[in-house]
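Asker: Protein chains in written order, with my numbering: chain A, 1 to 246; chain B, 1001 to 1317.
Below you will find the structure I want to go over with you.
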C-alpha cells in the first residue's frame, strides 16, 4: 500500500560527540535527499550535557547557525541537561511533533539514530519501504564501522551479534529505529531512562498491537571506538568484555 | 513474543541491564528503569531485578558479573534452608534445598544465602557446579510462571573459599540490602503503570470510568514521585549514617503495595470485565501483579517501622 510521500523527522541525542557529529548529520541528510518517498525532513539534534563543540558543529552542519550561508536550515539543535539518552530522545521527538504539528501523524515517520553512528545512503528509503508495506515501526541492525577498528573488537562483534537465517533479528537499537508518529504517541513515547529506552519503546509498541518489522536489510554503522554515550550500551559491553579502559 | 530467557539474554548482551548502581547519584534512574521494564512485563522485570541486585552486591565487594546472568536466592525458612560447612582445605560445602529460586533454568550463576555457625553467608555459585539440581516447579498459577521459579537442591556442592561475599551476616547488615529492597517495589509500580496505561487507552467516555482513570493517573504520578524521592534520599546518604534506610524501604514498599492494590481496584471499575476476561496482556499483568505484590511482608513489616520510643504505651517494668 502506498499513501503518498512521507514527512520524516530525525531525532539524534548526543553527549560530547564532536568527533563524529558532522559525519553523522551529513549522512542522515544525504539519505533523506536520496529517498524519493521522503518529501520533507527535519532533524532535531539534542545536545545533552555537552561540554565540547557538539552543538556548534551540529548547528553548522544543519545550516542553523547565525551566520550560515545556507538559506534553509535542515533542523535545529536543542540543549538538554537531562544526562539521559531516553529523555533526550523524548525531548527530540516532542520537538519533531511540534515542528510537524500541522501534518497528519499517520504520514510522519520518526527516524532515530545516534551521534556516534553514520547511516548508508539508503537508510531512510529502507525505513520508508517498510512503512509503505504497512510496518508501523522498524528496528534495524547496527554494524561496527571497521575503519581503524581493533580486530579483536570486530571478532567479538561478529561472534556475539546474532542474526536469524530468515533475514530478521531480535535486536533493538535506538541507533536504528523508525516509528510512525501515531504509533509512537500511542505507545507512550521514549521512556525517561538512561539505558534500554529502545527496548522499552519497542516492547510497548508490541503490546499495543502495532505492526513491527526487524529486517537485517536496515543497517547503520557505529564507530569502533570504545566509549559509549550511555552508561550501558553496546560499546560498554564490548569494552568490558575486552578489558579495555580507554 | 520471544521467550523470556532469550529476551533477557539480548538485553544483557547489549548492555541494557547495566543500570546505575545504588547510592552513586543516579539511584532514581535505576529505580525508574526497573519500573519501565516492569511496565513491559513483570516476569522480565523480576529476572532483571534479581540480576541487577546481584550486580550491585558484587560491586560492593569490588567484583564484576562479567557477562553472566545472575539470580539472587535468599529465601529462608524451615523448607528453604542451606547450610555451609567449612572444609579443612578452606573450601565450602553447601547442602540443602532453597525455595523460590527465580530463573533457575536460565541463570549462569546465583548469589545464595547459607547458614553457618557464625551466621548467614552469601555465596557466589556458578550453576554448572556439580551437585546442583533444579527440582520440578510447584507453581500452579500462570502468573509469573515463565520466570521458572522453583526449588533448587544443593547436595555436597563444593565451592572455593573465595565464593563467599563478605563476613557472616554481611548480606543482611549492609545498607545496600535496604537500598535493594526498593527494587521489587519499583517493579510492582511498573506493573501498576501498565494497568494505568491500559485504562487510559481504553478511552471510556462515561463519567464514572473517567473518574477512575483520573484516580489511576494520580496514583501513576505518585508512584513516580515516590521512587524519585527515595532515590534522591539514598544518594544523599548511601552509607546510611542516619540509619533511615531500613524504615524508608519499608515505608516505600508499604505505600507502593497499597497504591498498586488501589490501582487493581480502580482498573476493574474503570474498564469492566472485558479486558480482564479476554485481553491476554491485561490478564497476564493483572495476575502477575497480584502475585508479585505478595513479596511485600505487609503487617509483619509495618509493625517494625515505629522505633520502640515512638510507642507511647510501651509497658515498662
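Ideal placement from N, C-alpha and C gives every residue a C-beta, glycine not left out.
Using 10 angstroms around the beta-carbon of residue 1049 (chain B), count the other beta-carbons present and answer buried if the total reaches 16, otherwise exposed.
Answerer: buried
Asker: Taking the CB atoms as reference points, tell me whether residue 286 (chain A) and residue 113 (chain A) lie closer together than 9 Å.
Answerer: Because chain A here runs from 1 to 246, residue 286 (chain A) falls outside it and cannot be looked at.
Asker: Please classify residue 1049 (chain B): does DSSP put it in a helix, a strand, or coil?
Answerer: helix
Asker: Taking the CB atoms as reference points, tell me whether residue 987 (chain B) and residue 1198 (chain B) lie closer together than 9 Å.
Answerer: For residue 987 (chain B) there is no data in the structure shown, the boundaries of chain B being 1001 and 1317.
Asker: Can you tell me which residues form a DSSP beta bridge with residue 96 (chain A)?
Answerer: Answer is none; residue 96 (chain A) lacks a bridge partner.
Asker: Near residue 16 (chain A), what residues of its chain come up, given a Cβ to Cβ distance below 7 Å and the 5 sequence neighbours on each side ignored?
Answerer: 50, 51, 52 and 54
Asker: In chain order, which alpha helix (DSSP H) runs of at least 4 residues are fully inside the segment 165 to 221 of chain A?
Answerer: 181 to 186 and 197 to 207
Asker: Would DSSP call residue 1188 (chain B) helix, strand or coil?
Answerer: helix
Asker: So which residues of chain B does residue 247 (chain A) contact, with C-beta pairs closer than 7 Å?
Answerer: What the structure shows of chain A is the stretch from 1 to 246, and residue 247 (chain A) is not part of that stretch, so it cannot be assessed.
Asker: List the residues of chain A that residue 1216 (chain B) touches, going by C-beta distances under 8 Å, in chain order.
Answerer: What residue 1216 (chain B) touches in chain A: nothing, since even the nearest Cβ is about 14 Å away.
Asker: Name the two residues that bound the continuous beta strand (DSSP E) containing residue 1121 (chain B).
Answerer: 1119 to 1126
Asker: Name, going along the chain, the residues of the segment 1020 to 1031 of chain B whose beta-carbon falls closer than 9 Å to a beta-carbon of chain A.
Answerer: 1020, 1026, 1029 and 1030
Asker: Would you say the segment 1068 to 1087 of chain B touches the segment 1106 to 1113 of chain B, given that touching needs at least three Cβ pairs under 8 Å?
Answerer: yes
Asker: Any C-beta of chain A sitting closer than 9 Å to the C-beta of residue 1177 (chain B)?
Answerer: no
Asker: How many angstroms separate the CA atom of residue 157 (chain A) from the CA atom of residue 222 (chain A)?
Answerer: 12 Å
Asker: Residue range of the alpha helix (DSSP H) that residue 1024 (chain B) falls in?
Answerer: Neither: residue 1024 (chain B) is in no alpha helix (DSSP H) and is coded neither H nor E.
Asker: Would you mind working out which of B:1193, B:1179 and B:1306 sits nearest residue 1249 (chain B), comparing C-alpha positions?
Answerer: It is B:1179.
Asker: Excluding the 5 residues preceding and the 5 following residue 1138 (chain B) in the sequence, name in chain order all residues of the same chain whose CB lies nearer than 8 Å to its CB.
Answerer: 1150 and 1151
Asker: Quick check on the burial criterion: 16 or more other C-beta atoms within 10 angstroms. Buried or exposed for residue 202 (chain A)?
Answerer: buried
Asker: Can residue 1036 (chain B) and residue 193 (chain A) be called in contact, C-beta distance under 9 Å?
Answerer: Yes, the Cβ-Cβ distance between residue 1036 (chain B) and residue 193 (chain A) is below 9 Å.
Asker: Could you tell me whether the Cβ of residue 1267 (chain B) comes closer than 9 Å to any Cβ of chain A?
Answerer: no
Asker: Extract the residue ranges of the alpha helix (DSSP H) inside the segment 1028 to 1110 of chain B, only unbroken runs of 4 or more that lie entirely within it.
Answerer: Annotation: the segment 1028 to 1110 of chain B contains the following complete segments of the alpha helix (DSSP H) (minimum length 4 residues), in chain order: 1042 to 1060.
Asker: Please give the ranges of any alpha helix (DSSP H) in the segment 68 to 134 of chain A, keeping only runs that are unbroken, at least 4 residues long and fully inside the region.
Answerer: 85 to 99 and 123 to 132
Asker: Could you check if residue 197 (chain A) is buried or exposed, using at least 16 other CB atoms within 10 Å of its CB as the buried criterion?
Answerer: buried
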